[in-house]
Structures are given as C-alpha cells and as structure tokens.
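Report on the structure given below.
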Amino acid sequence: MGSYKWYLLAYQLSSFIFDFVFTVLILPMVFFPVPMGYADSTLARWTSLSSHASLIIFVSCFPFLTVTTISLFVYRCHLIIPQHHFLKINREGHVYISSVLLLIYCVPVGAGLVNVSPDQKDAKRWVLEEYSCAESVIDIPRLHIFTPSSVRPLGIIALAQGVFAAIVTAYTIWLSFRFLRETNNMSQKTKAMQRRYLIYLCVQVSIPLFSLLIPVLVLLYILGMSADLGQGTGNFALSCMGVHGSTTPLSLIFCNDNYRNFTLMKIRGCAGKKHEFNVSTSVEQRIVRSAIQ
Numbered sequence: 001m002g003s004y005k006w007y008l009l010a011y012q013l014s015s016f017i018f019d020f021v022f023t024v025l026i027l028p029m030v031f032f033p034v035p036m037g038y039a040d041s042t043l044a045r046w047t048s049l050s051s052h053a054s055l056i057i058f059v060s061c062f063p064f065l066t067v068t069t070i071s072l073f074v075y076r077c078h079l080i081i082p083q084h085h086f087l088k089i090n091r092e093g094h095v096y097i098s099s100v101l102l103l104i105y106c107v108p109v110g111a112g113l114v115n116v117s118p119d120q121k122d123a124k125r126w127v128l129e130e131y132s133c134a135e136s137v138i139d140i141p142r143l144h145i146f147t148p149s150s151v152r153p154l155g156i157i158a159l160a161q162g163v164f165a166a167i168v169t170a171y172t173i174w175l176s177f178r179f180l181r182e183t184n185n186m187s188q189k190t191k192a193m194q195r196r197y198l199i200y201l202c203v204q205v206s207i208p209l210f211s212l213l214i215p216v217l218v219l220l221y222i223l224g225m226s227a228d229l230g231q232g233t234g235n236f237a238l239s240c241m242g243v244h245g246s247t248t249p250l251s252l253i254f255c256n257d258n259y260r261n262f263t264l265m266k267i268r269g270c271a272g273k274k275h276e277f278n279v280s281t282s283v284e285q286r287i288v289r290s291a292i293q
C-alpha cells in the first residue's frame, strides 16, 4: 500500500479523535433553537470544561478530518497519473500539498473562532428578549450563550470550506477515472484493480461523511438562522453525528480486502470455537447420562 497506508491511518486517527471529543470529552447539551448550551459529559463536568473551550476543541477537529479525507483521494489519483505527466508529483510533494491544505483550513477556522463568544451579559439579555421560555434554564451552571451574529461568520467559513472540499474531491475523482480511461501504461487487470480501489474509497468515505455532513448542515441552519425546527430535530442531528464514530471503522473494514478478510477470519474462528465447545459439551453430557444409567 506504500504511503497510502499512512494517509489512511491519518484519516482513521482524525475520525477517532473527532468521535472521542464529541462523545467522551464534550457530549453537548444544546437548547435548540437558542444557540446556547454546555458540555454535559462526565469528563467535562469533572474538569469543569467551559462551553467556549468545548466549541473551540470540537470545531478544530473538522479541518484535520477534512484534510485527511482530501489527501486520500489526491494520493490515489497520484498513483494513477502517468509517470511523465506534468501533474505527477513526488512523495515530498504530497506532504507539501497536505500542509498547504491544512493551513487553508486551519487559519480561517481559527479566525472564525476568535470572536465567536459574545459578552455573556448582552447575550443573556438578547435571549430573554427573544425567547422568554429560556428563563427557566438561563442560570444553569457552565451554560454559555452564543448569538446568531457571533456564530454566522464561522458558519459562512464552514460552508465555503465545505464547497471547496467538495470541488477538489470531485475534480480529483473525475481526474482519476479519466486517467484510468486514457492511460496506456497499465494493463487492463491493473486498471480494473485501480478502478475498484477508487470506487471502494468513494464508498468508504461517503458513508461516514454523509452521517456527519447532513447533521452539520442542519445545525448550522438552526443556530445560524435561529430556525425553530424543535428540540427533537437538533437532538437527532447531534445523535447522527455520534454515529460517525462507528460508521468510519465499519466502512474501512468492508471496503478494504485485507481488513475485511482478517475480520471475517476472526469472526469465523470465534464461531468455530463456539461450535466446537457446544459439541464437546453435548458429548460430555451424553457420557455422564450414560454413566448414570
């Protein structure tokens, strides 16, 4: 697999870190459609983690997850590009591309997080004026309030970067299939293998991506536009984001032959041992019954 395994490892690590931060470190409790809430995990309560710090940590996971995803497709395209084509780059070039992508994503996100937290006294007044029902929860410990005007710049940055990622990824996939179709430096067997790997990669990434992308868009719409879609809709979106942690490793296992074969071998081995144990237990029981009779 060459350097591809390291890109795959980086993708898995970024997915794991995102899932750990979301479900273990933060576990957000948000009062939709009001952009206010707090970190409700046991770890957050134990460490007195503020909601502002939780948001910064959580949002910071997205650039790494996005860059590692794009890098997977860029490197897969690199393997298909003919050797003497002007788009062909060396191994160090991929490191440079990934570093530039990381800067493109981290710097704007960092800038968007600078003023994301408004003055809490002004924010409380705004909430009580706009949402009288919030009075019963306004004094909850560690509750942090955001306003649409403070969250909107970060939402615009997220949408712009999401569009950029979609364009780059789609163009890279199109370019990969084009080179597979036009190149004469590969045998038909190699082309079929590369095409299968590329399709598997698309499936592997798209399954957890949509389990994360759609809820994020819903949350941006609710919090950025103050859309009253109900507490249940927001909670469901947060629950779907938590599914990302399980869909990522499952898609990795079933879309990579080596991982899939190893997992199936272990499952069959466990099932075989259980069957042998049941058979031996049944035989022993028959022997005991015969001896008693």
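In the UniProt record's numbering, the protein residues as written are 1 to 293. C-beta: ideal position from N, C-alpha, C; glycine also.
No Cβ-Cβ contact shorter than 9 Å links proline 33 with serine 54.
Between phenylalanine 146 and proline 118 a beta carbon distance of about 7 Å is seen, short of the 8 Å cut, so the two are scored as contacting. The beta carbon of lysine 191 sits closer than 7 Å to the beta carbons of Leu180 from its chain, once the five residues preceding and following it are set aside; these are given in chain order. Looking at Leu9, Pro63, Pro148 and Ser176, the one whose alpha-carbon comes closest to that of aspartate 122 is Pro148.
Annotated as distal: phenylalanine 62 and alanine 134, with beta-carbon spacing of 9 Å or more.
Here glycine 155 is near leucine 223, since their CB atoms are less than 9 Å apart. In this structure, leucine 175 lies near cysteine 77, with their beta-carbon atoms less than 9 Å apart. Contact between the stretch 230–240 and the stretch 214–222 is established, with three or more Cβ pairs separated by less than 8 Å. In the three-state reduction of the DSSP assignment, isoleucine 89 falls in the coil class. About 6 Å separates the CB atoms of methionine 36 and histidine 144; that is less than 8 Å, so the two are in contact. Each residue's CA atom was taken as its position, placing tyrosine 4 and asparagine 256 some 12 Å apart.
Within the stretch 196–266, the alpha helix (DSSP H) runs of at least 4 residues that lie entirely inside it are, in chain order, 231–254. Remark: three or more beta-carbon pairs, one from each stretch, lie closer than 8 Å, so the stretch 67–81 and the stretch 98–106 are flagged as touching. In the structure shown, the three-state DSSP call for tyrosine 131 is coil. Beta-carbon to beta-carbon, histidine 244 and serine 211 are separated by about 5 Å, close enough to satisfy the 8 Å threshold.
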